[in-house]
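In the numbering used here, the protein residues as written are 379 to 774.
Even glycine gets a Cβ: it sits at the ideal position worked out from N, Cα and C.
Values in this document were obtained by computation on a predicted structure and should not be read as measured data.
Since the structure comes first, as structure tokens, the remarks are kept for the end.
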């Protein structure tokens, strides 16, 4: 198998690059996948090399060949100046904030942010002296009106967690960069396959690799990619200082997931859209929150900036008692009830974000449910939900 030069590799199409990225059988004694390298201690041949740290790897917390293989694959996907990997998606959200913020700084955060990230901002950043302001995710270029002299960064997420509002990322980037403000983004929903965050100006792009990267609901991992070498240096410094290391087995499993990621997403995207349309036609459903649907308020932005959609979306039911929702969900046989998503299995999750949103109020009249459509047969999933709606009606 010939080793490709960088220009040759860059000319390959997306699916091929995902298969090849981060691996070279010549470096692995001919084996297709990079081996799992475990270890903490690195020994040096002499004192001079030790004192000067003249080695590719200096200690287990600085990475190893398995982790570097994953990082190489991530750099291929993200197209940035460099990436780091973290032991969870939440750590991938908090690490870049720690890398770029200091006491006295001001941070703008979308009100639709992933709730654990919000909790970090409220409990940790505020204690460290960082001022946090939440803003309407639909603000677009109007974000400029919220900048203060000490504003250092804007946190974005598109679509929003649970409520799936779209954000005008290019407009936010333009306004922020005009004031030397950094733009950070949680891009887990779309992944780099469906949203090229760095190309559109996002400075630090975050992925909960637990979801579509790993793809099999058996790994906790997060990734952060930096757009410029200077930002990567700051990110890497924070990563090394905090000792944010992952297990080599998790790196190996994530690499394995990346090989089939495009195929899985291409299968799950139309399944999610078909299910969303099927649910929109149900008499029990008040509305569907899915930006790929033409009826969605954020559809125009999604169509302009995104090349695809994941299979995660939400629905608002017409007003009904909580016990009826419980009867519907508790009897499902194909949809598991769990907080994660992005794997091969379908999931369902009731949620209520009205208690903690501060800048906006979603205004749901009925109960809300988030769904992730997996790789099961879509007709089987519809039958499972259909039976659930029958239980809901009977319990109402």
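| Query | Result |
| --- | --- |
| Helix, strand or coil, according to DSSP, for residue 712 in the structure here? | coil |
| For residue 534, which three-state DSSP category applies? | strand |
| In chain order, what residues of the same chain have a beta carbon less than 8 angstroms from the beta carbon of residue 518, not counting five sequence neighbours either side? | 545, 546, 549, 550 |
| So, under 8 angstroms CB-CB, residue 366 and residue 741 are touching, yes? Tell me the CB distance rounded to an integer number of Å. | Here the chain covers residues 379 to 774 and nothing more, so residue 366 does not appear. |
| Got a sec: does the ligand MN put a non-hydrogen atom nearer than 8 angstroms to the Cβ of residue 723? | Of the ligands one can find in the structure shown there are none, so the ligand MN has no counterpart to examine. |
| Any idea which residues DSSP pairs residue 564 with across the strands? | 535, 584 |
| Ignore the nearest five residues each way along the sequence and tell me which others in residue 579's own chain have a CB closer than 6 angstroms to its CB. | 551 |
| Tell whether a beta-carbon distance below 9 angstroms holds between residue 529 and residue 559. | yes |
| Among residues of its own chain, excluding the 5 on either side of residue 718, which ones have a beta-carbon nearer than 8 angstroms to its beta-carbon? | 588, 589, 595, 725 |
| Do residue 399 and residue 451 have their CB atoms nearer than 9 angstroms? | yes |
| Which word fits residue 626, buried or exposed, when buried means at least 16 other C-beta atoms lie within 10 angstroms of its C-beta? | buried |
| Mind checking who residue 729 pairs with in its DSSP beta bridge? | 746 |
| DSSP three-state label for residue 595, please. | coil |
| Cβ of residue 539 within 9 angstroms of Cβ of residue 583? | no |
| Rounded to a whole number of angstroms, what is the C-alpha to C-alpha distance between residue 776 and residue 609? | Given a span of 379 to 774 for the chain in the structure shown, any question on residue 776 remains unanswerable. |
| Within this structure, are the beta carbons of residue 357 and residue 702 separated by less than 9 angstroms? | One cannot answer for residue 357 here, as it falls past the ends of the chain, which runs 379 to 774. |
| Given residue 762, which residues of its chain have a CB within under 7 angstroms of its CB, disregarding the five upstream and five downstream residues? | 710, 711, 712, 713 |
| Between the beta-carbon of residue 747 and the beta-carbon of residue 729, is there less than 9 angstroms? | yes |
| Residue 656 to residue 690, Cα distance in whole Å? | 15 angstroms |
| Less than 7 angstroms between C-beta atoms, sequence neighbours within five positions excluded: which residues of the same chain meet that for residue 402? | 381 |
| Does residue 397 pass the burial test, meaning 16 or more other C-beta atoms within 10 Å, or should it be called exposed? | exposed |
| Please report the residue range of the alpha helix (DSSP H) in which residue 517 lies. | Taken as a continuous stretch (DSSP letters only), residue 517 belongs to no alpha helix (DSSP H), as it is neither H nor E. |
| Considering only the alpha carbon of each residue, which of 683, 707, 425, 758 lies closest to residue 569? | 683 |
| Expressed to the nearest angstrom, what Euclidean distance is found between the alpha-carbon atoms of residue 695 and residue 663? | 4 angstroms |
| Compute the distance between the beta-carbons of residue 465 and residue 628, then report whether it is under 9 angstroms. | yes |
| Comparing alpha-carbon positions, which option in 468, 735, 722 lies nearest residue 647? | 722 |
| Give the DSSP bridge partners of residue 695, in chain order. | 663 |
| Where are the alpha helix (DSSP H) runs, 4 residues long or more, that stay fully inside the region 393 to 471, in chain order? | 425 to 430, 443 to 456 |
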